[in-house]
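All letters in the sequence shown, in the order written, are residues 195 to 368 by the numbering used here. By construction, the Cβ of each residue, glycine as well, lies at the ideal position given by its N, Cα and C atoms. Structure record follows, encoded as structure tokens.
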Amino acid sequence: MAEHIEVLLSEEEVDARIQEIGDMISKDYAGKEVHLICVLKGGSFFMCELAKRITVPVSLDFMSVSSYGADTKSSGVVKIVKDLDESLTGKHVLVVEDIVDSGRTLSHLLKMLKDRGPADVRLCTLLDKPDRRVVDVKVDYTGFQIPDEFVVGYGLDYDQKYRNLPYIGVVKFD
Numbered sequence: 195m196a197e198h199i200e201v202l203l204s205e206e207e208v209d210a211r212i213q214e215i216g217d218m219i220s221k222d223y224a225g226k227e228v229h230l231i232c233v234l235k236g237g238s239f240f241m242c243e244l245a246k247r248i249t250v251p252v253s254l255d256f257m258s259v260s261s262y263g264a265d266t267k268s269s270g271v272v273k274i275v276k277d278l279d280e281s282l283t284g285k286h287v288l289v290v291e292d293i294v295d296s297g298r299t300l301s302h303l304l305k306m307l308k309d310r311g312p313a314d315v316r317l318c319t320l321l322d323k324p325d326r327r328v329v330d331v332k333v334d335y336t337g338f339q340i341p342d343e344f345v346v347g348y349g350l351d352y353d354q355k356y357r358n359l360p361y362i363g364v365v366k367f368d
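Shown next, in the form of structure tokens:
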């Protein structure tokens, strides 16, 4: 079965929206330093572009989590594959994600991070699929709400392909 990609959000649309989010974050964190936590792998593209557009001091850390086990559906039980390198105590933490759909994994992850003593924890996502939500998760900064389609590009992949696309596309199967 072959696939092709249809553009959902152009590179220009994505770029403009990331600038808007960067401006909002810079305003909200004025006078503070924000500690960005990227959830690997998909969030790395978005976080790098976002960090360049934030005007307050920024520090970065990365974490990799898994909630799938041997199944194709998220169990919601978070297994830390790569933990943070730095303490969160007293920091203004902003978790940066590529996409929020069911909310299961993020709900558990946010609880874990809040238990590590940060000043506060907020969530920023490039894409939000509210139609797929099964656990309520507060998203503080959203790039785009999208329909329940399988999307790739800007860090999102299909079988480890298409992460490098500079736009958001929908995977269509022939």
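The alpha carbon of D209 has as its nearest neighbour, out of A224, E200, E243 and S220, the alpha carbon of E243. The C-beta of P251 has fewer than 16 other C-beta atoms within 10 Å across all chains shown, which makes the residue exposed. At a Cβ-Cβ threshold of 8 Å, V294 and V333 count as neighbours. Unbroken beta strand (DSSP E) stretches of 3 residues or longer found wholly inside the segment 257-325: 273-276, 286-294 and 314-322, given in chain order. If you draw a straight line from the Cα of D279 to the Cα of H302, it is about 19 Å long. When DSSP states are grouped into helix, strand and coil, E207 belongs to the helix group. Straight-line measurement puts the Cα of M218 at about 11 Å from the Cα of G337. Residue range G237 to A245 is occupied by the alpha helix (DSSP H) that includes G237. The Cβ atoms of Y361 and L320 do not sit closer than 8 Å to each other. Counted as a single uninterrupted DSSP element, the beta strand (DSSP E) harbouring Q339 occupies residues Y335 to Q339.
If you ignore the 5 residues before and after Q354, its C-beta comes within less than 7 Å of no other C-beta in its own chain. Counting only the Cα atoms, V272 lies some 32 Å from E205.
I231: member of the beta strand (DSSP E) spanning V228 to V233, first to last residue. CA-to-CA, the gap between K308 and E343 works out to about 31 Å. Here I362 carries a strand assignment [DSSP, helix/strand/coil]. When rounded, the separation of the alpha-carbon atoms in V289 and E197 is 32 Å. For the 8 Å CB-CB criterion, P312 and V275 do not form a contact. From the listed residues I215, T249, A224 and Y223, the smallest Cα separation to F240 is found for I215.
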